[in-house]
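A.B. asks: For the record, the sequence lines run as chains X and E.
Residue numbers for the first sequence follow our numbering, beginning at 1 and rising by one.
Residue numbers for the second sequence follow our numbering, beginning at 110 and rising by one.
Pasting a structure below so you can have a look.
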Amino acid sequence: GQSLEQPSEVTAVEGAIVQINCTYQTSGFYGLSWYQQHDGGAPTFLSYNALDGLEETGRFSSFLSRSDSYGYLLLQELQMKDSASYFCAVHGNTGKLIFGQGTTLQVKP
Amino acid sequence: ETGVTQTPRHLVMGMTNKKSLKCEQHLGHNAMYWYKQSAKKPLELMFVYSLEERVENNSVPSRFSPECPNSSHLFLHLHTLQPEDSALYLCASSQENRGEQYFGPGTRLTVT
Chain X
1 GQSLEQPSEV TAVEGAIVQI NCTYQTSGFY GLSWYQQHDG GAPTFLSYNA
51 LDGLEETGRF SSFLSRSDSY GYLLLQELQM KDSASYFCAV HGNTGKLIFG
101 QGTTLQVKP
Chain E
110 ETGVTQTPRH LVMGMTNKKS LKCEQHLGHN AMYWYKQSAK KPLELMFVYS
160 LEERVENNSV PSRFSPECPN SSHLFLHLHT LQPEDSALYL CASSQENRGE
210 QYFGPGTRLT VT
């Protein structure tokens with residue numbers, strides 16, 4: 001089967017750095033995606049890692065270790081608008097995405 | 110604006126009604142998806158269409174019936190729904206076999 005684990009909630013202050021971890025079990029693996037979803041909004045694509053290592057896009061970075069079945073999303077210089085839910089999703093050999101439960105990030109002033 | 114539109118944005122229907130949700134993508138993608146998102150639950154994949162053919166039906170009850178007339182349009186036909194079907198229904202599109210999907214704003218469905 002396929003499963004993903006990520007923390008349910010994370011709290012951090014404005015300007016800080018926060019890391020959201022994701023571990024997965026899957027029968028096939030093409031890559032790991034991250035999505036952001038604000039309350040009442042649609043998920044928005046953030047990043048996709050197919051190979052090991054760090055991908056950086058502005059204040060957000062995503063890391064993948066395929067040997068450890070592990071990835072993380074790193075958010076730097078946190079802003080209040082970063083308060084949202086963050087989902088990791090495995091792109092498996094069936095070609096579809098399997099989403100984690102989501103991590104609710106609360107950024108405090 | 111992601112290039113994926115959904116209508117209606119909100120829908121209230123009785124258990125005996127029949128309604129349809131519509132999704133349209135303007136991104137030139139060749140795969141489209143329906144997801145269900147309930148409170149406190151992850152996104153659940155319902156259906157996948159690739160090149161206008163249904164390639165995935167994730168054990169969804171027959172009261173949900175998808176239709177993909179062309180690569181830009183996707184419908185979800187609803188009939189005799191149950192209150193537990195109340196949820197946010199999201200449409201997404203992508204290039205086939207890519208982990209990057211673009212979501213529409215969703216239809217908030219309430220079944221009374």
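Don't be surprised by glycine CBs; every beta carbon is placed ideally from N, CA and C.
Taking C-alpha atoms, which residue in L199(E), L120(E), H135(E) lies nearest to K128(E)?
C.D. replies: L120(E)
A.B. asks: Does chain X have any CB closer than 8 Å to the CB of Q210(E)?
C.D. replies: yes
A.B. asks: Report the option in P109(X), L105(X), S85(X) whose CA atom is closest to the CA atom of Y35(X).
C.D. replies: S85(X)
A.B. asks: Rounding to the nearest angstrom, what Cα-Cα distance links Y211(E) and V169(E) in this structure?
C.D. replies: 22 Å
A.B. asks: Using a C-beta cutoff of 8 Å, does Q86(X) count as contacting chain E?
C.D. replies: With the sequence shown as reference, residue 86(X) is identified as Tyr, and Gln is not the correct amino acid for it. Not an interface residue.
A.B. asks: Sorted by chain position, which residues of the same chain lie with C-beta nearer than 7 Å to N166(E)'s C-beta, five sequence neighbours on each side aside?
C.D. replies: Beyond the five residues adjoining it in sequence on each side, N166(E) comes within less than 7 Å, by CB distance, of F156 in the same chain, given in chain order.
A.B. asks: Are the C-beta of L185(E) and some C-beta of chain X separated by less than 8 Å?
C.D. replies: Among the residues facing chain X, L185(E) is not included, as its CB has no counterpart in that chain under 8 Å away.
A.B. asks: Compute the beta-carbon to beta-carbon distance between C177(E) and E153(E), rounded to the nearest angstrom, for a pair I have assumed lies under 8 Å.
C.D. replies: Wrong, their Cβ atoms sit about 19 Å apart, outside the cutoff.
A.B. asks: Am I right that L183(E) and F173(E) are in contact with their C-beta atoms under 8 Å? What's the rounded C-beta distance?
C.D. replies: Not confirmed; about 13 Å, so no contact.
A.B. asks: Would you mind working out which of L78(X), Q101(X), T11(X) sits nearest T23(X), comparing C-alpha positions?
C.D. replies: Ranking L78(X), Q101(X), T11(X) by CA distance to the CA of T23(X) puts Q101(X) first.
A.B. asks: Can you pull the DSSP bridge partners for L64(X)?
C.D. replies: Beta-bridge analysis with DSSP links L64(X) to G53(X), G71(X).
A.B. asks: Identify the contact partners of F45(X) in chain E, using a Cβ-Cβ distance below 7 Å as the criterion.
C.D. replies: E209, Q210, Y211
A.B. asks: Would you tell me roughly how many angstroms separate the C-alpha atoms of V220(E) and K145(E), rounded to the nearest one?
C.D. replies: 14 Å
A.B. asks: Where DSSP assigns a beta bridge to N167(E), which residues make up the other side?
C.D. replies: None, per the DSSP bridge assignment.
A.B. asks: Under 8 Å, do L78(X) and A16(X) count as touching if we go by C-beta distance?
C.D. replies: yes
A.B. asks: Starting from the beta carbon of Y30(X), find every residue of chain E whose beta carbon is closer than 7 Å, and list them in chain order.
C.D. replies: By Cβ distance, chain E contributes G208.
A.B. asks: In chain E, which residues lie with their C-beta within 9 Å of the C-beta of S33(X)?
C.D. replies: G208, E209, Q210
A.B. asks: From the DSSP output, in three-state form, read off E205(E) for me.
C.D. replies: coil
A.B. asks: Going along chain X in order, which residues have a C-beta closer than 7 Å to the C-beta of G215(E)?
C.D. replies: A42
A.B. asks: Which residues in chain C sit within 7 Å of F99(X), going by Cβ to Cβ distance?
C.D. replies: No chain C appears in the structure shown, which is made up of the protein chains X and E.
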